Amino acid sequence: MLSKLRKSMKSEKGFTLIELMIVVAIIGILAAIAIPNFLSYQKKAAQSEAKTNLGGIRTLQEAYAADHDTYATSLDALGFSTKGTAKYSYYVSTANATTFEAVAEGKTGSISGDKWTMTHGGTLTDLDPASFTN
């Protein structure tokens, strides 16, 4: 009777609990490595939006200053608007006849609180470099 049971168990195919646990552990390790990298790439993509739009604001400011002998105090005066759903909000924090500073501030999610500035000279500054990837 015991020999029949052993023969029938040998003929059955499948995975043991140990094998399944090893596969689950490997998947967990791979996920632990992949998810932070994915989130980092999302932040970098969002930050490239901020950098590009700040560069566009600078170009518009220079054109405005050439016509009006002063920099614009608002983005509306420049005719600036973002395309689609912007991950950052943009505004001019300082503007006068000689200088301006434009700001991009992260709205939600992993970039909430991420803040970038650009000056009239084209200096791009990350105001919190320890918290976010450049």
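Under the numbering used here, the first residue of the sequence shown is numbered 10, with each subsequent residue one higher. Think of the CB as a built atom: it goes at the ideal place given N, C-alpha and C, for glycine as much as any other residue. All values derive from a computational prediction rather than experimental measurement.
If you compare alpha carbons, which of the options is closest to residue i?
| i | options | result |
| --- | --- | --- |
| tyrosine 80 | Lys96, Val112, Asn62 and Val101 | Val101 |
| alanine 95 | Phe109, Ile35, Gly131 and Thr117 | Thr117 |
| phenylalanine 109 | Lys92, Thr128, Tyr99 and Asp123 | Thr128 |
| serine 98 | Asn62, Met30 and Gly130 | Asn62 |
| glycine 65 | Ala111, Asp123 and Asp78 | Ala111 |
Using C-beta distances below 8 Å, list every residue in its chain close to residue i, excluding the 5 sequence neighbours before and after it, in chain order.
| i | result |
| --- | --- |
| glutamine 51 | Ser119 |
Excluding sequence positions up to five away, which residues of its chain have a Cβ less than 7 Å from the Cβ of residue i?
| i | result |
| --- | --- |
| asparagine 143 | Annotation note: pLDDT 45 at asparagine 143 (below 50); position unreliable, coordinate value reported separately. Cβ within range, chain order: Asp135. |
| threonine 107 | none |
How far does the beta strand (DSSP E) with residue i in it extend, from its first residue to its last?
| i | result |
| --- | --- |
| tyrosine 97 | 97–104 |
| leucine 133 | 133–135 |
Could you spell out where the alpha helix (DSSP H) holding residue i opens and where it closes?
| i | result |
| --- | --- |
| aspartate 85 | 84–87 |
| glycine 93 | Looking at the DSSP string, glycine 93 is not in any alpha helix (DSSP H), and its letter there is neither H nor E. |
| glycine 118 | It is not in any alpha helix (DSSP H) - glycine 118 carries neither H nor E in the DSSP assignment. |
Which same chain residues, not among the five before or five after residue i, have their C-beta less than 6 Å away from its C-beta?
| i | result |
| --- | --- |
| alanine 113 | Ala59, Leu63, Tyr97, Tyr99 and Trp125 |
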